[in-house]
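S.K.: Here it is: the structure, laid out below.
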Amino acid sequence: MQKTIYIKTIYILFKKELMSYFNSPIAYIFIGVFLVAGNWLFFNSFFLVGQASVRNYFSLLPWIFLFLAPALTMRLWAEEKKTGTIEFLLTLPISDWQAVLAKFIGSLAFMFIALLLTITLPLTVFFLGNIDWGTVVGSYLGALFLGGSYLALGLFISSLTKNQIIAFVLALIASFAIFIIGAEFVLMSVPQFIAPIMKFLGLGSHFYNIAKGVIDTKDIIYYSSFIFLFLWLNARVIENRGWK
Amino acid sequence: MIEIKNLTKKIGKNAILDNISFSVKKGEILGFLGPNGAGKTTTMKIITSFWLPTSGRVEIGGINIAENSLETRMKIGYLPETVPLYDDMKVYEYLKFVAEIRNIPQNKIKSRIKSVIESCGLTSVSRQPIDELSKGYRQRVGLAQAIIHNPDVLILDEPTTGLDPNQIMEIRDLIKKIGEKKTIIFSTHILSEVKAVCDRVIIINGGKIAGQGTPEELIKKTGSSELIYVKIKGGKEDVSRKLGEMAGVKKIEIKDKEADDIYGYEIEPESEVDLRENLSKIILASGWSILEFNKKSISLEDVFRELTK
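This is the structure:
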């Protein structure tokens, strides 16, 4: 009984969070930019390379997410702090975890909807040639994990400030930094012994594994702990609101 | 219903609340008075579990908020000072969200929303987006949100600021009506409001309780409840000395000056003595003349100023 109420509360909050995306123009701008950029980049290389594959598209996805995920998370806490609704929210009979989880799942669900709308790309490939559906599913799964990591990080950063623009820029920088430390050209320029560590810590390297269709528990665990870490930090920040 | 013991809140080294204790009985409307920055809002933020106290304890209906704040939050309806609302939602949609998150049973949600919409006078705006509402309507939505789950305790932080006189009257009546069954703490710096609505008053200043009681008790505590103001034509020193020596006079003070030999005096009598007759006799017998003469009651304003200066 307790548990169902706990989940139901998260669900109600989540519903409100998701609705508030669609209540503001941000959602439509986000989906518009995401689809236009994605399709353009895809068809650009599709006709150029002449290969029936979504590999190229998915390898660009981390870069698109890099800008779009912070746009989704920037207002989640910053706006509540600015308008004072955080005082309403956190004096409701809900735990800090419930509030954090609801916001995270809300943004993830929104990203999921945006990703679903790109299903036309693999379908195009499917009609024009051969497609490896295993890779496609793997890529989408990887995209969700990668997106979830960006979102958890951005959500945490949003809880640190009242200003949405600051939240956006900081989240962008932080996401970029964590993504880039695992990239090949960075790894080549650092000493041999740190390279494997950096490769493991970087968000990107895990994505390319999954996107290739290889679902390794190591990568899943990496992403899950990354997301958990930042949600946990987020809950700590919210919990300590009374001390400043 | 509400028990507050030795509550202290420090931010850095600065004590915003300094060892405050008080309690509010069930069904009581408590007015929380004090100058800006006295600690009213801080106390409310702690009672509602938005902020943690540095030390001290708060109990709502026997439950310690530090031990089971989810339980106590269910019992509380809270209207913060800034009336924060989700502006992108419509009034009805917002109240439905609050009703759901407050765990009102699904089959009662509709009737609860209908009843708060009616009692808060929101019928005409229930389909409007919140960000298009006037200040008065926002305040009412805030109030509706606070009472929708029928809480035992209502915490209202300056619920009437920024409203026009008619709206103030409406909100006050509403508070009074709700207050028949609930425990209410409400802060304000409009003193007439306290007199009109509250059973009891706590005056807080610099993080400490400066006075508490019913409005009448507070007035009594400040000293005698009446002052006599008299404007006399005559030598300033003579008048002060002679009237000061008069039996039953506690204090005489020069309030204003109209001309060289015309001064206004405020006379505080010793308790319950009516000085007026003797006063006029002495003044006339001394050859001075009375230009103005009136009696004024000490108001809550005077008490407030006395206690918070």
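These protein sequences, in sequence, are chains S and X.
Quick note: the first sequence uses our numbering, first residue 2, plus one each step.
Quick note: the second sequence uses our numbering, first residue -12, plus one each step.
C-beta atoms are modelled at their ideal positions from N, C-alpha and C, and glycine is treated no differently.
Quick one: what does DSSP say S159(S) is sitting in, helix, strand or coil?
M.R.: Note: S159(S) maps to helix in three-state DSSP.
S.K.: Within the segment 221 to 281 of chain X, note down every full beta strand (DSSP E) run reaching 3 residues or more, in order along the chain.
M.R.: Whole beta strand (DSSP E) segments, 3+ residues: 236 to 246, 249 to 256.
S.K.: So with Cβ pairs under 9 Å, would you call K245(S) a contact of chain X?
M.R.: Residue placement at K245(S) is poorly supported in this model, since its pLDDT is 44, which falls under 50; the coordinates still yield a value, given next. It does: the Cβ of K245(S) has a partner Cβ on chain X nearer than 9 Å.
S.K.: Compare the C-beta of L19(S) with all C-beta atoms of chain X and state if any pair is closer than 9 Å.
M.R.: Output row for L19(S): interface = no.
S.K.: Any chance the segment 180 to 194 of chain S sits against the segment 76 to 90 of chain S, with 3 or more Cβ pairs inside 8 Å?
M.R.: Judged by Cβ distances under 8 Å, the segment 180 to 194 of chain S makes no contact with the segment 76 to 90 of chain S, as fewer than three pairs qualify.
S.K.: Counting pairs of beta carbons, one from the segment 16 to 36 of chain S and one from the segment 105 to 115 of chain S, are three or more of them closer than 8 Å?
M.R.: Output reads yes: the segment 105 to 115 of chain S touches the segment 16 to 36 of chain S.
S.K.: Identify the contact partners of D75(X) in chain S, using a Cβ-Cβ distance below 7 Å as the criterion.
M.R.: Here the neighbours are S21, N24, S25.
S.K.: For K17(S), does the count of other Cβ atoms within 10 angstroms reach 16, so buried, or fall short, so exposed?
M.R.: Answer is buried; the Cβ neighbour count reaches 16.
S.K.: Beta strand (DSSP E) containing Q199(X): first to last residue?
M.R.: It spans 195 to 200 - the beta strand (DSSP E) in which Q199(X) sits, taken as one unbroken run.
S.K.: Just reading off the beta strand (DSSP E) that L(-6)(X) is part of, what are its end residues?
M.R.: Its beta strand (DSSP E) spans residues -11 to -2.
S.K.: Given that N94(X) touches chain S, what residues does it touch there, using C-beta distances under 8 Å?
M.R.: By Cβ distance, chain S contributes nothing, its closest Cβ being about 15 Å from N94(X), past 8 Å.
S.K.: Between F89(S) and chain X, is there a C-beta pair that is closer than 9 Å?
M.R.: By this cut-off, F89(S) is an interface position.
S.K.: Tell me the rounded alpha-carbon separation between N94(X) and Y79(X).
M.R.: For N94(X) and Y79(X), the distance between alpha carbons rounds to 16 Å.
S.K.: Whose Cβ in chain S lies nearer than 7 Å to the Cβ of M61(X)?
M.R.: Simply P94.
S.K.: Can you grab the Cα-Cα spacing for the pair K168(X) / G14(X), in whole Å?
M.R.: Cα to Cα, K168(X) sits roughly 5 Å from G14(X).
S.K.: Does any residue of chain S have a CB that is nearer than 9 Å to the CB of Q199(X)?
M.R.: No - not a single Cβ of chain S is within 9 Å of the one on Q199(X).
S.K.: Which value, in whole angstroms, describes the spacing of the CA atoms of G21(X) and F173(X)?
M.R.: If I take the Cα positions, the gap works out to 12 Å.
S.K.: Give the list of continuous alpha helix (DSSP H) stretches no shorter than 4 residues that lie fully inside the segment 0 to 55 of chain X.
M.R.: Whole alpha helix (DSSP H) segments, 4+ residues: 27 to 34.
S.K.: Under 7 Å Cβ-Cβ, which residues of chain X neighbour G85(S)?
M.R.: Those are P67, T69, P71, listed as they occur along chain X.
S.K.: Should T10(S) be flagged as near chain X, meaning a C-beta pair shorter than 9 Å?
M.R.: It does: the Cβ of T10(S) has a partner Cβ on chain X nearer than 9 Å.
S.K.: Nearest by alpha-carbon distance to I292(X): which of E224(X), Y252(X), I177(X), E257(X) is it?
M.R.: The sequence shown places Arg at residue 292(X), rather than the Ile named in the question. Here the closest residue by C-alpha is I177(X).
S.K.: Which value, in whole angstroms, describes the spacing of the CA atoms of K220(X) and R263(X)?
M.R.: The straight-line gap from Cα to Cα measures roughly 17 Å.
S.K.: What number of angstroms, rounded off, separates the C-alpha of M76(X) from the C-alpha of L90(S)?
M.R.: Looking at the two C-alpha atoms, the distance is approximately 15 Å.
S.K.: Going by the DSSP bridge assignment, what does K77(X) pair with across the sheet?
M.R.: BP columns for K77(X) point to P116(X).
S.K.: Compare the C-beta of I167(S) with all C-beta atoms of chain X and state if any pair is closer than 9 Å.
M.R.: So, not an interface residue.
S.K.: Check the Cβ of I6(S) against every Cβ in chain X and list those closer than 9 Å, keeping chain order.
M.R.: Residues of chain X passing the Cβ test: N90.
S.K.: Within a Cβ cutoff of 8 Å, which residues of the same chain sit near T(-5)(X), ignoring the five residues on either side of it in sequence?
M.R.: Around T(-5)(X): A2, L4, D5, N6, I7, P40, T41, S42, G43.
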